[in-house]
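Enquirer: One line per chain: the protein sequences are A and B, in this order.
Just so you know, we're using the numbering used here here: the first sequence kicks off at 34 and counts up by one.
Just so you know, we're using the numbering used here here: the second sequence kicks off at 34 and counts up by one.
This is the structure, below, for whatever I ask next.
Number of protein chains: 2
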Amino acid sequence: MEGDAFSAFAITALRLAGHLTAAGDQLAKPAGQTSARWQVLAAARRGGMSVAQIARALGLARQGVQRLADVLESEGLIAYADNPQHQRAKLVRLTEEGAARLGVIEIAQAGWADGLGAAFTSAELDAARSVMTRVMEMLEGGEAAGG
Amino acid sequence: MEGDAFSAFAITALRLAGHLTAAGDQLAKPAGQTSARWQVLAAARRGGMSVAQIARALGLARQGVQRLADVLESEGLIAYADNPQHQRAKLVRLTEEGAARLGVIEIAQAGWADGLGAAFTSAELDAARSVMTRVMEMLEGGEAAGG
DNA sequence: CCATATATGACAATATGTTGTCATTATGGA
DNA sequence: TCCATAATGACAACATATTGTCATATATGG
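Shown next, in the form of structure tokens:
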């Protein structure tokens, strides 16, 4: 029954996420950051997005990202810029200090990903990611059966 | 470069976990529970495990599971039984009320997993899970390169 | 038996994330 | 223009989870 295979898949995915978050925290630690802050810094570098837009891009609640962004702003890693499109929704941009911290993290992350990725083929990783993405799309869409 | 494929895999896994937790919360909601409590109830049904053992089995910090277990115990869904092997580490067991709640959740979960799993072959799901498991084992083991 | 190391529960501080609520700002239709 | 609706930031309450610390219980080696 695919239901059992799916349940096992879901349980494994949840445990994997815990390990990945912990690994991300370790990668971000030398820059004084965490996995969550790192995500916001990376979004800030893209630029042109408000906090609410970043939250949607990350699949997180607006309020949680707002709290992180406010902390990063108070530490000078990001800055709020006026948005000609919207008076309240300021645009988030990366400061020089923020870019420096993000750079430190991403150098470490690249080495980490290369090291772990070497144990897999790109095809394996992409196939697994494809399944994960399809599951996500189903969860975002129909809210599923049986609930 | 497999590093890039791995990075994309990791980002997708983190987002998927968020969706799965939200879905689990919805499944557990009719029983007045959450994803986290559900996991502890399921472990309690297996029986013969202390809080610390459950935490290790779930890949979570001992202290967090302890807090959940204390709440579940105060609500009468689990009970602490004396452990002949260890004076302090009581064994966690499911009460009748806990079993009833867990049953409600698992009926909903079975339908949910069948519905979502129908869009995949067991082979796809198992292959994806295999990759996730291998990543986890690498993360648990070496703590990886580049960090 | 004793000393050391490990495991466990208790407690606290902190980080992350969700939901709910509110006032304000945009947006779109009558 | 006016009004209803949606989006946004601010604030609060709560759930989850981590790390750190402490005292006590258990295990291990001498």
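Glycine is no exception: its CB is placed at the ideal position from the N, C-alpha and C atoms.
Please report whether the beta-carbon of Ser48(B) lies at a distance below 9 Å from any beta-carbon of chain A.
Expert: Residue numbering aside, residue 48(B) sits at position 15 when the second sequence is read from its first letter. Sequence inspection shows Arg at residue 48(B); the Ser mentioned does not correspond to that position. Yes, Arg48(B) lies at the interface with chain A (some Cβ there is under 9 Å from its Cβ).
Enquirer: Count Cβ pairs between the region 65-81 of chain A and the region 111-127 of chain A that sit closer than 8 Å; are there 3 or more?
Expert: With the cut-off at 8 Å, the region 65-81 of chain A and the region 111-127 of chain A touch.
Enquirer: What residues from the region 152-164 of chain B come within 9 Å of chain A, judged by C-beta to C-beta, listed N to C?
Expert: So the close ones are Ala152, Phe153, Thr154, Ser155, Ala156, Glu157, Leu158, Asp159, Ala160, Ala161, Arg162, Ser163 and Val164.
Enquirer: Anything in the region 68-101 of chain B with a Cβ closer than 9 Å to a Cβ of chain A? List those residues in chain order, please.
Expert: Within the region 68-101 of chain B, the residues whose Cβ lies closer than 9 Å to some Cβ of chain A are Ser68, Gln72, Leu91, Gly92 and Leu93, listed in chain order.
Enquirer: Tell me whether the beta-carbon of Gly2(A) lies closer than 9 Å to the beta-carbon of Ser68(A).
Expert: Since the first and last residues shown for chain A are 34 and 180, residue 2(A) lies out of range.
Enquirer: If we count the other Cβ atoms within 10 Å of its Cβ and call it buried at 16 or more, is Ser40(A) buried or exposed?
Expert: Looking up residue 40(A) in the first sequence gives position 7. Buried, because 16 or more other Cβ atoms sit within 10 Å of the Cβ of Ser40(A).
Enquirer: Since Val164(B) and Phe153(A) are thought to touch, with beta carbons under 8 Å apart, how far apart are those beta carbons, to the nearest angstrom?
Expert: The sequence position of residue 164(B) within the second sequence is 131, counting from 1. The sequence position of residue 153(A) within the first sequence is 120, counting from 1. With a Cβ gap of about 7 Å, Val164(B) and Phe153(A) count as contacting.
Enquirer: Which one or two residues does DSSP pair with Val104(A) in a beta bridge?
Expert: Taking the first residue of the first sequence as 1, we reach residue 104(A) at position 71. In the DSSP output, where bridge partners are listed per residue, Val104(A) has none listed.
Enquirer: So with Cβ pairs under 9 Å, would you call Ala38(A) a contact of chain B?
Expert: Counted from its first residue, the first sequence places residue 38(A) at position 5. Answer yes: the Cβ-Cβ gap between Ala38(A) and chain B drops below 9 Å somewhere.
Enquirer: Residues of chain B with CB under 8 Å from His52(A), in chain order?
Expert: Translated into the one-based positions of the first sequence, residue 52(A) becomes position 19. Those within 8 Å of His52(A) in chain B are Gly92, Val168, Met169, Leu172 and Glu173.
Enquirer: Give the interface partners of Ala41(A) over in chain B, defined as CB-CB distance under 7 Å, in chain order.
Expert: On the first sequence, position 8 is the one that residue 41(A) refers to. The contacting residues are Arg162.
Enquirer: Rounded to whole angstroms, what is the Cα-Cα separation between Ile87(B) and Ala146(A)?
Expert: Position 54 of the second sequence, counted from the start, is the residue given in the question as residue 87(B). Position 113 of the first sequence, counted from the start, is the residue given in the question as residue 146(A). Whole-angstrom Cα-Cα distance: 30 Å.
Enquirer: Who are the neighbours of Leu149(B) on chain A, taking C-beta pairs under 7 Å?
Expert: For this step, residue 149(B) is matched to residue 116 along the second sequence. Phe39, Val168, Met171 and Ala177, listed in chain order.
Enquirer: Classify Gln96(B): buried if its beta carbon has 16 or more other beta carbons within 10 angstroms, exposed otherwise.
Expert: The residue you call residue 96(B) lines up with position 63 of the second sequence. Looking at its Cβ environment, which holds fewer than 16 other Cβ atoms inside 10 Å, Gln96(B) is exposed.
Enquirer: Please list, in chain order, all residues of the same chain as Leu105(A) whose beta carbon is under 8 Å from its beta carbon, the five residues on each side excluded.
Expert: Sequence index remark: in the first sequence, residue 105(A) carries index 72 (1-based). Result list for Leu105(A): Arg70, Val73, Leu74, Ala77, Ile111 and Gly131, in chain order.
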